[in-house]
Amino acid sequence: MRRRTVLAGGVLVSSLVALALASPALAASLSVDKARQVDAIAAEVLAATGAPSASVAIVEDGEPVYGKAYGLARLSPVVPAATSTRYGIASVSKQFTAAAILLLAEDGKVSLDDPVGRYVQGLTDGDKITLRQVLSHTAGYRDYWPQDFVFEAMRAPTTQQKILDGWARIPLDYPPGEQWRYSNTGFVIAGLVVEKVSGEPLFAFLKRRIFDPLGMTGVTEDDSKALSPPDAGHYTRYGLGPVVLADKEGPGWLFGAAELAMSPSDLARWNRAMIRRELLKPASWEAMTTSVDLSSGAPAGYGLGVSVKVRDGVTSISHGGMLSGVLTSNTVWPGERRAVTVVANADFGEPQTAISQRIAFLLRPSTGPAATARTLVAQLQAGTIDPALLTANGKAWFTAARLADFKQSLAPLGPLRMLDGQGVQVRGGMTWHGFDAAFGARTLSVSMRLTPDGKVEQFLIGPKAA
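Per this note's numbering, the sequence shown starts with residue 164, numbered consecutively.
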């Protein structure tokens, strides 16, 4: 009972004194107002989910500008979270394994289109499946860990060869290149390729070629054993029961796919390098951050170790991660020179997603129809509306009396915190866009209709059913 009171009632905060990569001070910083809003977001989400802690790092204009840790890294004995606290970053590790392959390609030792069987023997269709395919989840190898818990065999130690025997030396799930299906198995293969070609352990190669050059001095691994204090304990809960330590994966199960542990401040150094196209050659960054195409020609939405999304012309490079007792979110917008990293030591409640999305909404301009909706919400809270945005019918509908009602009812809700798209439909020559508009205590429903020239014919906002 006391643990739950601490988590909900008093979120601890540790400020990041310096998150610089090569210099002893931040090149820039977040505004005081935005910093306070970030702090409020983290505190609210931790209180709502019961997650013990979260840690945040933000990059703006290609430089780290903010980092804080909130809550408790460990519940018993109590250890406050600090910005130096390391968490398992789970599948965010995959992009580092991919980067290792790209570095070896730059060295002329491998090619992305080499067959994996050249380096790892006995794999199903190893003479046909390429390194590019295992790094992009298009190889067809069955995933060895689709569960969201530590299954019984996973409690015991394993080896890479045992994983491959069980999941990569059996019939493929689909012909190589025809589908995209997430598979940790491919990154075990990729990690073994790095070790064979480089002649050194995977982590040693990553440290020498990536972590040390970028100043990522705190990176460790949590495959061989669990993190120890003062680093974060990993926590879970069953239903709405108490928060307890989560089961640990046995040694060997995280190799290549999810083995790294670090602070968000170290991950921000990597994000900075991605934005600035440092460490790797431009062609390597391009290969990593460009979606591969399936054999049908359709984009997979995934590059090499990273998800690739394009919305309203803006590209985001991201990856989430889940281990037993930890959740991670890392998103980079290269064109905006911005990145947001959030790690939480809980595998429940999706705190990392809620915090990351709300921070992104706070920092980033909306695009497309969402930008129009965001503008109109703010105007209605002020009791005004720009007639230049409206059709003739829209102008006639927004009477002074209706604007007064909007202002009186919406202004007390405070600033808009999130705007989630709920669908798009075409009808009557217009395009309908639905949104959930989240404020402090309420979420309202938005219904907007746009004419082909982008003018607003309809903008309704009102109660949303629970």
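Even glycine gets a Cβ: it sits at the ideal position worked out from N, Cα and C.
Quantities reported herein were computed from a predicted structural model and do not represent experimental measurements.
Asked, Found
"Assuming contact is defined by CB atoms lying nearer than 9 Å, are G577 and F602 in contact in what I supplied?", "yes"
"What residue does the alpha helix (DSSP H) around V297 start on, and which one ends it?", "294 to 298"
"Please classify N493: does DSSP put it in a helix, a strand, or coil?", "strand"
"If you follow the alpha helix (DSSP H) that I326 is part of, which residue opens it and which one closes it?", "323 to 330"
"Which same chain residues, not among the five before or five after V619, have their C-beta less than 8 Å away from its C-beta?", "T535, L539, L552, L553, T554, G557, M611, R612, L613"
"I624 bridges to which residues according to DSSP?", "V609"
"Just mark R590 as buried or exposed, buried being the case when its beta carbon has 16 or more other beta carbons within 10 Å.", "exposed"
"Are the CB atoms of L235 and V242 within a distance shorter than 9 Å?", "yes"
"Does the contact criterion of 3 or more C-beta pairs under 8 Å hold for the region 336 to 343 versus the region 352 to 371?", "no"
"Looking only at its chain, what residues have a beta carbon closer than 6 Å to the beta carbon of A191, apart from the 5 residues adjacent to it on each side?", "E226, V228"
"Check Q284 in the structure and name its three-state DSSP category.", "coil"
"What does G251 pair with, by DSSP beta-bridge criteria?", "A424"
"According to the neighbour-count rule (16 or more other Cβ atoms, all chains shown, within 10 Å of its Cβ), is K257 buried or exposed?", "buried"
"Give me whichever residues DSSP pairs with S218 in a beta bridge.", "A232, V506"
"How about S254 and T491: do their beta carbons lie closer than 9 Å?", "yes"
"Taking just the CA atoms, how far does T380 sit from P187?", "Model confidence at P187 stands at a pLDDT of 31, short of 50, so the residue's coordinates are unreliable; what they give is reported in the following sentence. Cα to Cα, P187 sits roughly 14 Å from T380."
"Out of curiosity, what's the CA-to-CA distance linking A409 and A395?", "12 Å"
"Helix, strand or coil: which one does DSSP assign to P187?", "Residue confidence is low: P187 scores 31 on pLDDT, short of 50, so the model does not pin down where it sits. Its coordinate-derived value is still stated next. In the structure shown, P187 sits in coil (DSSP, three-state: anything other than H, G, I, E or B)."
"Check each candidate in L238, D224, V222, I252 and name the one with the smallest Cα separation from M485.", "I252"
"Leaving aside the five residues before and after G617 along the sequence, list all residues of the same chain whose C-beta is less than 8 Å from its C-beta, in chain order.", "T535"
"How should S459 be labelled, buried or exposed, when 16 other C-beta atoms within 10 angstroms of its C-beta is the threshold for buried?", "exposed"
"Pull up the distance between the alpha-carbon of Q542 and that of P278, whole angstroms please.", "58 Å"
"Going by DSSP in three states, G349 sits in which element: helix, strand or coil?", "helix"
"Between the Cα of Y401 and the Cα atoms of G213, L623, T606, S194, which residue gives the shortest distance?", "G213"
"I need the straight-line Cα distance from P615 to P532, nearest angstrom please.", "12 Å"
"How is the beta strand (DSSP E) around W448 delimited, first residue to last?", "Taken as a continuous stretch (DSSP letters only), W448 belongs to no beta strand (DSSP E), being part of the alpha helix (DSSP H) at 445 to 452."
"Could you give the residue range of the alpha helix (DSSP H) that holds L266?", "257 to 269"
"For S177, I'd like the list of residues in its chain whose CB is within less than 7 Å of its CB, leaving aside the five on either flank, ordered along the chain.", "At S177, the pLDDT of 40 sits below 50, so the modelled position is not reliable; the number obtained from the coordinates is stated separately. Answer for S177: K231, A232, P243, A244, A245, T246, listed in chain order."
"Find the nearest neighbour of A210 within the set A463, K388, E513, T452, judged by alpha-carbon distance.", "E513"
"Just to check my reading of the structure: G349 and L267 have Cβ atoms closer than 8 Å, yes? What is that Cβ distance to the nearest angstrom?", "No, G349 and L267 are not in contact; Cβ-Cβ is about 16 Å, not under 8 Å."
"Given this structure, state the Cα-to-Cα distance separating A185 from P376, to the nearest angstrom.", "At A185, the pLDDT of 32 sits below 50, so the modelled position is not reliable and the matter cannot be decided from this model."
"Looking only at its chain, what residues have a beta carbon closer than 8 Å to the beta carbon of F569, apart from the 5 residues adjacent to it on each side?", "L543, Q544, G546, I624"
"Nearest-angstrom Cα distance between P309 and D224?", "37 Å"
"May I have the straight-line CA-CA distance separating L265 from A353, to the nearest angstrom?", "11 Å"
"Can you give me the C-alpha to C-alpha distance between E422 and T530, rounded to a whole angstrom?", "36 Å"
"In this structure, what does DSSP give as the bridge partners for P227?", "V222"
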